[in-house]
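Position 39 of the sequence shown, counted from 1, bears residue number 39 in full-length UniProt numbering, the numbering being contiguous throughout. By construction, the Cβ of each residue, glycine as well, lies at the ideal position given by its N, Cα and C atoms. All values reported here derive from a predicted model rather than from experimental measurement.
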Amino acid sequence: EAVKENINTNEQILFLDVENQGDLFAACNIIDATNPNGIFRVISDPIEKNCLLFLNDGLDREKQDRYNLTVAVEQKAKSNRRKRQAQDQSNTYLYNTWPRTQIIIDVLDANDNAPVWTPVKYPVGTTPEKIFITAISADAPANALVAGLTATDIDIGRNGEVRYDITLPRINPPPFDIEDVEGYLTTTMEFPESVQKDKTLPYKLDLVAYDRSIEEPFQSTEINCYVNLIRDTNRFILVVKNKSMNFIVENIEEYREALQEAINEVVLIERIQASRRQEGDQILIESQW
């Protein structure tokens, strides 16, 4: 049986037809199940003597997408005096019946999750949530790659397909564009000389990631993106004496923040050099881009 997630609780989701009922009451029970916290329950219909499967709690496909239940049925007297069931030994049934049945519940996806932006690797832990900071050379040509942005959606099918767009600013011509499928943020033109010299930038962009749901309203998540224009004055080789490369890499954000506060400029560390030891007239330097 296929059941959509997020349907109402206490809703009947399956009718179980009980054969060979006789005059007795059909008692139904779930005897074995991947049924955590009693998500499902089965009750007996005292009039029709069949079984009804109900939903006790909400279904979330992202947590569990299939349930296996074993339901057993047995005859019980309606009163303390057990009634005798008449049996016709000559009657041959054209179908098979069992006292137990297995029920498989497949949970169908609903568009109940919005895309989630993937945190950027650099700078780590230095920006608030829903803010992305990146940079591009002020001399960059048109169609230069600024950054690759990614958002994911844990729904499936079109509900989980993510697309990208820029909502603001609506500058004509726009200085940036984002590829709607892959999320590549690129330049659309060369930056004018006046902009190249303007140190009050960055550009502020409002980006949106949305899914492609058709049957239900689409879900979306916005993020602010700041694009700094990097000039030669922003590009650094970090040289630290008598420190190991591992130590510098682990603490690179502290060095970067200290430099930014000291010079009041955006700092882009393009290379690291660590002086480790001197042998004779030579200083052995470990470098890392």
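Whole-angstrom Cβ separation of V42 and N29, contact assumed at under 8 angstroms? 7 angstroms
Start and end of the beta strand (DSSP E) containing R41? 40-44
So, is G58 buried or exposed, given that buried needs 16 or more other C-beta atoms within 10 angstroms? exposed
Contained alpha helix (DSSP H) runs [length at least 4] in the stretch 186-247, N- to C-terminal order: 193-196
Helix, strand or coil for N29 per DSSP? strand
Using the Cβ count rule (16 or more neighbours within 10 Å means buried), how would you classify V73? buried
Using the Cβ count rule (16 or more neighbours within 10 Å means buried), how would you classify K63? exposed
Specify the secondary structure class of V71 as computed by DSSP and reduced to three states. strand
Opening and closing residue of the beta strand (DSSP E) in which A135 lies: 131-137
Those residues which DSSP pairs with L59 across a bridge: Bridge partners of L59: none, in fact.
Tell me the DSSP bridge mates of D106? A2, R66
So what's D17 in DSSP terms, helix, strand or just coil? coil
Does the structure place the stretch 143-159 close enough to the stretch 233-246 that three or more beta carbon pairs sit under 8 angstroms? no
Can you give the Cα-Cα distance for S143 and T167, rounded to whole angstroms? The residue asked about is misnamed: residue 143 is Asn in this sequence, not Ser. C-alpha separation (whole angstroms): 19 angstroms.
Let me check understanding here. Comparing Cα to Cα, which of R66, I131, I104 lies closest to V208? I131
Please report the straight-line C-alpha distance between M245 and D281, rounded to a whole angstrom. 21 angstroms
V249 in three-state terms, based on DSSP: helix
Quick check on this structure: which residue in I248, V266, E1, V3 has the alpha carbon closest to the alpha carbon of I136? V266
Taking the beta carbon of K49 as the centre, do at least 16 other beta carbons fall within 10 Å, making it buried, or is it exposed? buried
Bridge-paired residues (DSSP) for Q12: F54
Inter-residue Cα distance where the pair is A262 and P115: 38 angstroms
Considering Cα atoms alone, identify which of R235, C225, I31, Q219 is closest to D153. Q219
Beta-carbon spacing of E11, L69 below 9 angstroms: no
Proximity below 9 angstroms, CB of I103 to CB of V71: yes
Counting along the chain, where does the beta strand (DSSP E) carrying D153 start and finish? That residue, D153, is in no beta strand (DSSP E); it is neither H nor E in DSSP.
Beta-carbon separation of L108 and E257 under 9 angstroms? no
Nearest by alpha-carbon distance to F247: which of Q273, F40, N264 is it? Q273
Among S213, L53, P169, the one whose alpha carbon lies nearest that of V227: P169
Going by the DSSP bridge assignment, what does D281 pair with across the sheet? According to DSSP, which records beta bridges pairwise, D281 is partnered with nothing at all.
N-terminal and C-terminal residue of the beta strand (DSSP E) that D112 is part of: Run containing D112: none; DSSP gives neither H nor E here.
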